[in-house]
Amino acid sequence: MNVDALDAKIVRFFTDTPRGSVLEASRVLGVARATIQSRLDRMTEAGVISSWVPRPDPAKFGFPVVAFCSLTINQDLGHDAVASALAAIPELIEVHTVSGSSDLMARIAARSNPDLQRVLDAMIATKTVLRASSVIVLNTHFQGRTLNLLEAAAAVQPE
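For the sequence shown, position 158 (counting from the first letter as 1) is numbered 291 according to our numbering, and the numbering increases by one without interruption.
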């Protein structure tokens with residue numbers, strides 16, 4: 134889907150003001166309420182806006198350790214079956230099939246380093262993961278920068 138500058142402004146408004154209303158957005162952006170609503174509907178239907186749910190911060194509720202883990206899997210099972218088995222482990226926040234020397238990349242939240250070890254052991258215990266190599270996040274400088282990408286895409290579209 135092509136996005137334009139107004140689409141980007143609408144997404145920026147709701148990113149900056151997540152509890153804002155369509156009416157408030159129309160006033161701030163100087164656009165009719167129906168235009169805002171139709172743009173939101175169109176972007177949601179196209180998947181540009183993928184979620185309207187809050188994103189809780191694991192560190193704020195007891196999971197301050199974040200790690201990325203590259204996984205080598207049992208190829209006989211396939212990626213989907215392995216991902217399904219791993220989905221039972223709640224500390225796995227994301228799992229992606231990747232290219233390169235590993236098969237999957239996971240983002241993990243844990244209560245402590247020993248808890249991270251427990252999560253790694255739980256992944257191996259599924260018998261779907263042959264090897265896991267993890268790195269612990271020391272500091273997150275930024276994340277979730279998709280809004281900047283949307284604004285860049287909108288900049289190349291005529292208004």
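Every residue, glycine too, gets a C-beta built ideally from N, C-alpha and C.
For a test of the three-state rule: what should DSSP assign to residue 224, helix, strand or coil? Coil.
Assess, as a yes-or-no matter, whether the stretch 281–290 is touched by the stretch 199–219 under the definition of 3 or more beta carbon pairs within less than 8 Å. Put simply, the stretch 199–219 does not touch the stretch 281–290. Fewer than three CB pairs are less than 8 Å apart.
To the nearest angstrom, report how far apart residue 235 and residue 203 are at their CA atoms. Each residue's alpha carbon lies about 6 Å from the other.
Relative to the alpha-carbon of residue 267, which residue among 223, 145, 148, 238 has its alpha-carbon at the smallest distance? When C-alpha distances from residue 267 are compared across 223, 145, 148, 238, the shortest belongs to 238.
At a cut of 8 Å, does the stretch 140–155 reach the stretch 168–177 through at least three beta carbon pairs? These segments touch.
Nearest by alpha-carbon distance to residue 264: which of 188, 271, 256 is it? Ranked by Cα distance from residue 264, the first of 188, 271, 256 is 256.
Which value, in whole angstroms, describes the spacing of the CA atoms of residue 273 and residue 226? Roughly 16 Å separates the two Cα atoms.
Taking buried to mean at least 16 other C-beta atoms within 10 Å of its own C-beta, is residue 140 buried or exposed? Counting Cβ neighbours within 10 Å, residue 140 comes out buried, since at least 16 surround it.
For residue 238, the three-state DSSP class (helix, strand or coil): If DSSP states are grouped into helix, strand and coil, residue 238 belongs with the strands.
Is there contact here, the stretch 247–261 with the stretch 175–194, by at least three beta-carbon pairs under 8 Å? Touching, no, given that fewer than three Cβ pairs across the two stretches are closer than 8 Å.
May I ask you to list the residues that DSSP assigns as paired with residue 200? DSSP output for residue 200 lists 241, 269 as bridge partner(s).
So what does DSSP say about residue 263, is it helix, strand or coil? Residue 263: strand per DSSP, three-state reduction.
If I follow the unbroken alpha helix (DSSP H) through residue 165, where does it start and stop? Boundaries for residue 165: no alpha helix (DSSP H) harbours it, and the DSSP string shows neither H nor E there.
Are residue 136 and residue 242 touching if we call contact CB-CB under 8 Å? At a Cβ-Cβ threshold of 8 Å, residue 136 and residue 242 do not count as neighbours.
Straight-line CA distance for residue 180 to residue 276? Put simply, the backbone Cα of residue 180 is about 20 Å away from that of residue 276.
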